[in-house]
Structures are given as structure tokens and as C-alpha cells.
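Structure record follows, encoded as C-alpha cells.
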Amino acid sequence: MAEGVLFEHAGRVLGVLTALTLQEIQLSLGVKAELENLMNTVSTIQAVILDAEKRSSHNHEIKDWLRKLKDVIHDADDLLDDFSTEVLRLKVMVGDVMTKEIKV
């Protein structure tokens, strides 16, 4: 009887691992493309910023635009920090769940 319970737990762990693996593969494929797009966009923004910084000493509108852009970039950086923290938190939680499932 105990062997049946252990088998069921092992089956549940295997099911969870399979589901997590499939989700991670799907997420990584979608996220990878989005990250590449984001990196290209940021690269373009950097080039525009360099040009704008050179011109900002002569143009108050550009100075204002750069100040606003700086605020947006700080907000984006904070959002990415929050996202990274959440990903790590979820990984820890999944690790805890998997450890508990295996111990049972």
C-alpha cells in the first residue's frame, strides 16, 4: 500500500516537472524574442540620446525631453527590478514545493 502512495507522489512530481518544463520552454521562446526586440529598441534610444545630449546645450526643449526620458528610464529600471525579484521569488517557491513533494 505504501508503495502505491509513493508511486502516486512520484507521478505528481513528474507531472509538475513536465508542466513546468513545458511552460518554461514556451515562456523562454516568447520572452527571448521580446527581449531581442527590447534590446534593439534600447539601442536605438541610446543612439538618439547621444545625439540629443550633444544638442541639449543649445535647445531647452531637448533638455526637457532628456529629463523626462530619464524619469521614464528610471521607472523602466524599477519595473525590471520588480520583475526579476518576482521571478526569483517564484523559483524559490517552486523549489520549496518540489522539495516538499519529494519528501512526502
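Just so you know, numbering that gives the first Met the number 0 puts 23 at position 24 of the sequence shown, and the rest follows in order with no gaps.
Beta carbons are placed, not taken as given, at the ideal position from N, Cα and C, and that holds for glycine.
A distance below 8 Å between beta-carbons, with the five flanking residues on each side excluded, links Asp81 to no residue of its chain.
The region 62-69 makes contact with the region 38-52; the number of CB pairs closer than 8 Å reaches 3 or more.
The three-state reading of DSSP puts His59 in helix, counting H, G and I together. The beta carbon of Thr84 lies closer than 8 Å to none in the same chain, with the five residues before and after it left out. For Thr17, there are no CB contacts under 6 Å within the same chain when 5 residues up- and downstream are skipped.
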